[in-house]
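In order, the protein sequences belong to chains A, B, C and D.
Under the numbering used here, the residues of the first sequence are numbered 324 to 524, in order.
Under the numbering used here, the residues of the second sequence are numbered 324 to 524, in order.
Under the numbering used here, the residues of the third sequence are numbered 324 to 524, in order.
Under the numbering used here, the residues of the fourth sequence are numbered 324 to 524, in order.
Just below is one structure, and these are the notes that go with it.
Protein chains: 4
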Amino acid sequence: MTHSDFVPKPKKTPRQARARATYQAILEAAAHILEHGGPTALTTNLVAERAGVSIGSLYQYFPSKDAIIGELIRDLRREMRDDILAMAQYVDGHPLDFAVRRMVRAAIHHHVHTHGRADVLERLEAHLPPDPDTQEIKVEINRTVAGLLRKHGVEHPELAAFDLTNLVIGMAHPALHSGDTDFEALACRIDRAALGYLGQT
Amino acid sequence: MTHSDFVPKPKKTPRQARARATYQAILEAAAHILEHGGPTALTTNLVAERAGVSIGSLYQYFPSKDAIIGELIRDLRREMRDDILAMAQYVDGHPLDFAVRRMVRAAIHHHVHTHGRADVLERLEAHLPPDPDTQEIKVEINRTVAGLLRKHGVEHPELAAFDLTNLVIGMAHPALHSGDTDFEALACRIDRAALGYLGQT
Amino acid sequence: MTHSDFVPKPKKTPRQARARATYQAILEAAAHILEHGGPTALTTNLVAERAGVSIGSLYQYFPSKDAIIGELIRDLRREMRDDILAMAQYVDGHPLDFAVRRMVRAAIHHHVHTHGRADVLERLEAHLPPDPDTQEIKVEINRTVAGLLRKHGVEHPELAAFDLTNLVIGMAHPALHSGDTDFEALACRIDRAALGYLGQT
Amino acid sequence: MTHSDFVPKPKKTPRQARARATYQAILEAAAHILEHGGPTALTTNLVAERAGVSIGSLYQYFPSKDAIIGELIRDLRREMRDDILAMAQYVDGHPLDFAVRRMVRAAIHHHVHTHGRADVLERLEAHLPPDPDTQEIKVEINRTVAGLLRKHGVEHPELAAFDLTNLVIGMAHPALHSGDTDFEALACRIDRAALGYLGQT
DNA sequence: CATGAATGAGGCTTCATTCAT
DNA sequence: CATGAATGAAGCCTCATTCAT
């Protein structure tokens, strides 16, 4: 069993300020290119150029291109987890339908906010070896949502959390991608499906 | 306006039996590689090798790699349309919830049947120029589902058809991908969401 | 010493009418493609298609692509030789300046008539192994012009014939290629150079 | 309007010494191959091999094969222009026939010096999209020669410059190509034609 | 550490030619 | 003999990665 079975991670977590800035510049350049040019535009040389560093420096911070993608994915998942954790705390004590509505809007907001970067990264993730960190974050998200549902007496809360997550994303992404900008109307339609799933009339 | 604005199509339809076999072998090889190795594994040389033909033969029938992908997409969409059209005829005259349940099961069956090829192809489709044929088929599918919904008095039937399609796919794909094999249980969960969306308790 | 050192010739001179027609059709298709699409457009498959025969048949008549080009070159040279021979007979007995003027106009006419095919073929000829037949024809042409010049007391008639041929072609081709359509004016300018070369005021 | 309408130029001008050496090595290798093997021998892989660099390095400096050819053409034209400009200055104030004789010898010298590279490149140039730089140089050359002729009262100096250039090249190239090494004798024969064209007995 | 020149495996595609039917 | 399906060497080019300076 070699380590190549896992998504490579950054070579070193930079301590010094300048190094940290370079590191971030590379990630931001990669994210920008991914958003505007798609996966095929994401080349290491272009990332380095946009980040304002040499290709050699890029490889000082990331052992491979996949390591950059892996880090972008982890970043995105962490953001998502933080948003959901915050949201879960916020809705604590409120009725289930209120909680669901808030989560739906949070998901839409998150997607709009990441400007579709999520789509591309999810696609890329599928062709990368599984990354324990990313898995852990996903589990954390599922645990949080499941905990919320359990409090309201939903049965099989883990499965329900899984289904609801997919339901919301599955409906929101295509709609947003097709140019829909009436977020509230979209959210209401998703609400109906989600609440229907939960047996809430 | 150049032809490169469209998904290339096969350059010639084979006449002789041997040619037809070659043509099919290429498409099947491509589908197989796509399913098992993902998009990055789909190289023209590998497709030719797996199809048991020379690279030259491949280019007798397809002007480019994208033409192969385009044809796979069209094939898949045509199958989907045929399934949905048949299903729509079958449920004609039955109540809405019956129709929905049948459609959900048809979608799951279709995905299982195509062995997840749909996922990869949909992603590839996004990076290809729009193909009139494929668009036409999509419109046809939407029209069929929308027609069905309209008969039952659903408002905004086109939008509802769009949402429901995404809902079903969005829930079914991840579940099936995660190894879920209890299709009927999955279908029931999706039913709840779909009927909830439609306001059917 | 192998035969590959020479421009390949047609495999067989066809006797039957239909075969002869096919043979000509191939040559004409090749000439047409050369004129309209340039050397890079001249592919054996395209020639066969335009000639209305299968690629297999094409190789029945010509052992290789170069054999087709070689035959086109020979054809063109033969035409040129015939034109020059006829012209030489025609100007026989007239003064040198009259003869020169006629030859100049004949050269221009020939180039216009062949629609620039001559240019392309000459370029292709340079990259083909030398062909005895073509050489022989060139010698014949030179002999004819030289004979004409000798009659008028020109010294070193072979050399003069060589120089004059190049002078006329060298001036006419670029002018015609640049879109000049006033053939008579062009001819007069060439006359001055040619007569100057010959020491005729 | 795409960039493919123009002859591609080198993608980056090398800064470091090693880079400059590589850049030059590539151009020299290309020139050598062109002289000895003709256009069909000019493959990117062979150029890289002969230059002693990897194919990747070649594409660091030239975006395409045509860019290499384009640069060779520009180089040659620049040399030609410099030679002609120098010559024009040199003959300034001298009589027309002296000027013509010097230009003829300069042209022959130039052709010998470039070892016939000019022939092949001119042919290749015809199959490339027009290059503004090259056009500009050509115009400059014509302007220089025309200016010279105008000073001596030649009518239609632009046209005369065009004709004379073609006359000299048209006579010199085939003669030199056929193995003629008596440059002075050749020059004298060309003189007669050129002076005849200009009406100088 | 930073730089950027250099590398080369490997991807896509063309086209002259062969050969089974 | 005709057909056209099949072949595969060879060409162009990209891009992740290495390494000398």
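The C-beta atom is built at its ideal place from N, Cα and C for all residues, glycine as well.
Just reading off the alpha helix (DSSP H) that PRO480/C is part of, what are its end residues?
As a first step, residue 480/C must be located in the third sequence, where it is residue number 157. Under the DSSP assignment, PRO480/C falls in the alpha helix (DSSP H) whose first and last residues are 480 to 500.
In whole angstroms, what is the alpha-carbon distance linking GLY379/C and HIS500/B?
Sequence index remark: in the third sequence, residue 379/C carries index 56 (1-based). Sequence index remark: in the second sequence, residue 500/B carries index 177 (1-based). Cα to Cα, the separation comes out at about 51 Å.
When DSSP labels each residue in this structure, what does THR504/C get in the three-state scheme?
Reading the third sequence from its first residue, position 181 is the one you call residue 504/C. Residue state, collapsed to three classes: coil.
Could you tell me the distance, in whole angstroms, from the CA atom of ARG397/C to the CA atom of ASP456/C?
As a position in the third sequence, residue 397/C is number 74, starting the count at 1. As a position in the third sequence, residue 456/C is number 133, starting the count at 1. If I take the Cα positions, the gap works out to 7 Å.
Enumerated in chain order, which unbroken segments of the alpha helix (DSSP H) with a length of 4 residues or greater are wholly contained in the stretch 414 to 476 of chain C?
419 to 436, 440 to 449, 455 to 474
Pull up the distance between the alpha-carbon of ILE391/C and that of ALA422/D, whole angstroms please.
In the third sequence, the residue the question calls residue 391/C occupies position 68. In the fourth sequence, the residue the question calls residue 422/D occupies position 99. Whole-angstrom Cα-Cα distance: 47 Å.
Does DSSP classify PRO333/D as helix, strand or coil?
In the fourth sequence, residue 333/D corresponds to position 10, counting from 1. The answer is coil: DSSP assigns PRO333/D none of H, G, I, E or B.
Cβ shell of VAL413/D (< 8 Å), same chain only, five flanking positions each side left out
What you label residue 413/D is simply residue 90 of the fourth sequence in a count that begins at 1. Sequence inspection shows Tyr at residue 413/D; the Val mentioned does not correspond to that position. Cβ within range, chain order: ARG425.
Taking all protein chains shown into account, do 16 or more other C-beta atoms lie within 10 angstroms of the C-beta of ASN489/D, making it buried, or fewer, making it exposed?
Translated into positions along the fourth sequence, residue 489/D becomes position 166. Buried, because 16 or more other Cβ atoms sit within 10 Å of the Cβ of ASN489/D.
Can at least three beta-carbon pairs, one atom from the stretch 512 to 522 of chain D and one from the stretch 474 to 491 of chain D, be found at a separation below 8 Å?
Touching, yes.
Taking DSSP as the reference, what is the three-state secondary structure of GLY519/B?
The residue labelled residue 519/B in the question sits at position 196 within the second sequence. Of the three classes helix, strand and coil, the one that applies to GLY519/B here is helix, per DSSP.
Chain D contact for SER501/C (CB, 9 Å cutoff):
Indexing the third sequence from 1 puts residue 501/C at position 178. So, interface residue.
Does any residue of chain A bring its CB to less than 9 Å from the CB of HIS326/B?
Numbered from its first residue, the second sequence carries residue 326/B at position 3. In this predicted model, HIS326/B has a pLDDT of only 43, less than 50, meaning its place in the structure is not dependable; the value taken from the coordinates is given anyway. Output row for HIS326/B: interface = no.
Quick one: list the residues of chain D neighbouring HIS450/C, beta-carbon separation under 8 Å, in chain order.
In the third sequence, residue 450/C corresponds to position 127, counting from 1. Those within 8 Å of HIS450/C in chain D are GLY361, PRO362, THR363.
List the whole-angstrom C-beta distance separating ILE349/B from LEU369/B, where the pair is believed to meet the contact cut-off of C-beta under 8 Å.
Sequence index remark: in the second sequence, residue 349/B carries index 26 (1-based). Sequence index remark: in the second sequence, residue 369/B carries index 46 (1-based). The pair is not a contact, with the Cβ atoms about 11 Å apart (cut-off 8 Å).
Members of the stretch 472 to 494 of chain C that neighbour chain D once the beta carbon cut-off is set at 7 Å:
ASP486, ASN489, LEU490, ILE492, GLY493, MET494
In chain B, what lies closer than 9 Å to PRO497/A by C-beta?
Reading the first sequence from its first residue, position 174 is the one you call residue 497/A. Within chain B, the residues PHE485, ASP486, THR488, ASN489, ILE492, GLY493 have their CB atoms less than 9 Å from the CB of PRO497/A, given in chain order.
Return no unless some Cβ of chain C is closer than 9 Å to the Cβ of GLY522/D.
Your numbering for residue 522/D matches position 199 in the fourth sequence. By this cut-off, GLY522/D is an interface position.
Please list the partners that GLY393/C has in chain D, where partner means a Cβ-to-Cβ separation under 7 Å.
Counting from one through the third sequence, the residue named residue 393/C turns up at place 70. In chain order: nothing, as chain D lies at least about 16 Å away.
In whole angstroms, give me the CA-to-CA distance for GLU481/C and HIS432/C.
As a first step, residue 481/C must be located in the third sequence, where it is residue number 158. As a first step, residue 432/C must be located in the third sequence, where it is residue number 109. Pairing GLU481/C with HIS432/C, the inter-Cα distance amounts to about 24 Å.
Look at the Cβ atom of ASP486/B, then the Cβ atom of MET403/A, and state whether they are nearer than 9 Å.
Within the second sequence, residue 486/B is the residue found at index 163, counting from 1. Within the first sequence, residue 403/A is the residue found at index 80, counting from 1. Cβ distance not < 9 Å, so ASP486/B and MET403/A don't count as in contact.
Would you say the stretch 357 to 377 of chain B touches the stretch 441 to 456 of chain B, given that touching needs at least three Cβ pairs under 8 Å?
yes
Using a Cβ-Cβ cut-off of 9 Å, state whether ALA516/C counts as contacting chain D.
Counting from 1 along the third sequence, the entry for residue 516/C is found at position 193. True, the Cβ-Cβ gap to chain D drops below 9 Å.
Let me know if MET410/D comes out buried or exposed under the rule of 16 or more other beta-carbons within 10 Å of its beta-carbon.
Taking the first residue of the fourth sequence as 1, we reach residue 410/D at position 87. Buried, because 16 or more other Cβ atoms sit within 10 Å of the Cβ of MET410/D.
What is the DSSP secondary structure of HIS376/D, reduced to helix, strand or coil?
For the purposes of this step, residue 376/D is identified with residue 53 of the fourth sequence, where counting begins at 1. Residue identity differs from the one stated: residue 376/D is Val in this sequence, not His. Three-state result, VAL376/D: coil.
Go through its chain and collect everything with a Cβ distance to ARG400/B's Cβ below 6 Å, but skip five positions before and after it.
On the second sequence, position 77 is the one that residue 400/B refers to. Excluding residues within five positions, the ones whose Cβ falls inside 6 Å are THR457, ILE460.
Are the CB atoms of LYS334/D and PRO418/D nearer to each other than 9 Å?
One-based indexing of the fourth sequence puts residue 334/D at position 11. One-based indexing of the fourth sequence puts residue 418/D at position 95. No, the pair does not count as a contact, with Cβ atoms beyond the cut-off.
For GLY519/C, which residues in chain D fall below 7 Å Cβ to Cβ?
Working through the third sequence from its first residue, we reach residue 519/C at position 196. Here the neighbours are ARG515, ALA516, LEU518, GLY519, TYR520.
Counting contacts by CB-CB distance shorter than 9 Å, is ARG512/D in contact with chain C?
In the fourth sequence, counting from the first residue as 1, residue 512/D sits at position 189. ARG512/D counts as touching chain C.
Starting from the Cα of ARG512/C, find the closest Cα among HIS479/D, ASP406/D, LEU509/D and give me that residue.
Counted from its first residue, the third sequence places residue 512/C at position 189. Closest by alpha carbon: HIS479/D.
For PRO362/D, which of helix, strand or coil comes out of DSSP?
Indexing the fourth sequence from 1 puts residue 362/D at position 39. Three-state result, PRO362/D: helix.
Assumed close pair THR367/D, HIS450/C - CB separation to whole angstroms, cut-off 8 Å
If you number the fourth sequence from 1, residue 367/D lands on position 44. If you number the third sequence from 1, residue 450/C lands on position 127. That pair is no contact at about 19 Å.
Please state the DSSP three-state secondary structure of GLN339/A.
Along the first sequence, read from residue 1 onward, the residue named residue 339/A stands at position 16. Here DSSP, grouped into helix, strand and coil, assigns GLN339/A to coil.
On a Cα-Cα basis, can you pick out the residue from GLU448/D, GLY393/D, VAL427/D, VAL330/D that is closest to ALA508/D?
For the purposes of this step, residue 508/D is taken as the residue at position 185 of the fourth sequence. When each option's Cα is compared against that of ALA508/D, the closest is VAL427/D.
My assumption, with CB atoms under 8 Å, is that HIS436/A sits in contact with HIS496/A. Please give the rounded CB distance.
To locate residue 436/A, count along the first sequence from 1; it is residue 113. To locate residue 496/A, count along the first sequence from 1; it is residue 173. The pair is not a contact, with the Cβ atoms about 14 Å apart (cut-off 8 Å).
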